[in-house]
């Protein structure tokens, strides 16, 4: 058995290091994307909750109905059902 140590070439070692660096960059970027996604989902949930709370306040203020976002008109639900619009 030989006690002689074996080494890979500098070129091969450089390639391995380059691959490792690229993989680390990708892993880091994926972590950033995951954090951004979690932040966006949290923001979405918060805004959605705020919207629902606001709709509840509008329902108390104006009564139940559907809102035309283009005109601001509120059509009461009972009128819609009687007219067969929905």
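Numbering (my numbering), first residue to last: 115 to 200.
Ideal placement from N, C-alpha and C gives every residue a C-beta, glycine not left out.
Since we're looking at a predicted model, the values are computed, not measured.
Residues near residue 149 by beta carbon distance below 8 Å, same chain, minus five either side = Taking the first residue of the chain shown as position 1, residue 149 is located at position 35. Excluding residues within five positions, none has a Cβ falling inside 8 Å.
So residue 156 is in the beta strand (DSSP E); what residue range does that whole segment cover?
-> Along the chain shown, read from residue 1 onward, the residue named residue 156 stands at position 42. Where residue 156 is concerned, there is no enclosing beta strand (DSSP E), although the alpha helix (DSSP H) it sits in stretches over 124-176.
CB-CB under 6 Å to residue 158, same chain, minus the five flanking residues each way: which ones, in chain order?
-> Indexing the chain shown from 1 puts residue 158 at position 44. None.
Where do the N-terminal and C-terminal ends of the beta strand (DSSP E) with residue 183 fall, by residue?
-> Indexing the chain shown from 1 puts residue 183 at position 69. Premise fails: residue 183 is in no beta strand (DSSP E) and is neither H nor E.
If you draw a straight line from the alpha carbon of residue 180 to that of residue 133, how long is it in whole angstroms?
-> Here residue 180 refers to the residue found at position 66 when the chain shown is read from its first residue. Here residue 133 refers to the residue found at position 19 when the chain shown is read from its first residue. C-alpha separation (whole angstroms): 57 Å.
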